[in-house]
Amino acid sequence: ESKLTEHNINEFGRLDKLKKTIDLAKAKAYFERKEATQMTPVKVNIKADKLIRDFILQGGYDIS
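Each residue of the sequence shown is one higher than the one before, counting from 91 in my numbering.
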């Protein structure tokens, strides 16, 4: 019901707070397993940000 869009997804800093809770070691393992390649921490952060944004904007989906 909050009518989230790409432009207001971080209203009140909520997205930033959520991203701070990411376990980067687990995210790195997930993306490396999924893409079968080594990733730098910067790339992991970029991919995690995109995944979270897409997940929220699409109303959730199975990421396994």
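Just so you know, even glycine gets a beta-carbon here, dropped at the ideal spot from N, CA and C.
Owing to the predicted nature of the structure, the values given are computational and were not obtained by experimental measurement.
> DSSP on Glu96, reduced to helix/strand/coil?
Replying inline: By one-based count along the sequence shown, residue 96 stands at place 6. The answer is coil: DSSP assigns Glu96 none of H, G, I, E or B.
> Which class does Ala115 belong to by DSSP, given the choice of helix, strand or coil?
Replying inline: As a first step, residue 115 is located in the sequence shown; it is residue number 25 there, counting from the start. It is helical.
>> Let's test the definition: count the other Cβ atoms within 10 Å of the Cβ of Val132 and tell me whether it reaches 16, buried, or not, exposed.
In response: Your numbering for residue 132 matches position 42 in the sequence shown. Classification for Val132: exposed.
> Exposed or buried, Lys118, counting other C-beta atoms within 10 Å across all chains shown (16 or more means buried)?
Replying inline: Counting from 1 along the sequence shown, the entry for residue 118 is found at position 28. Under this definition Lys118 is a buried residue.
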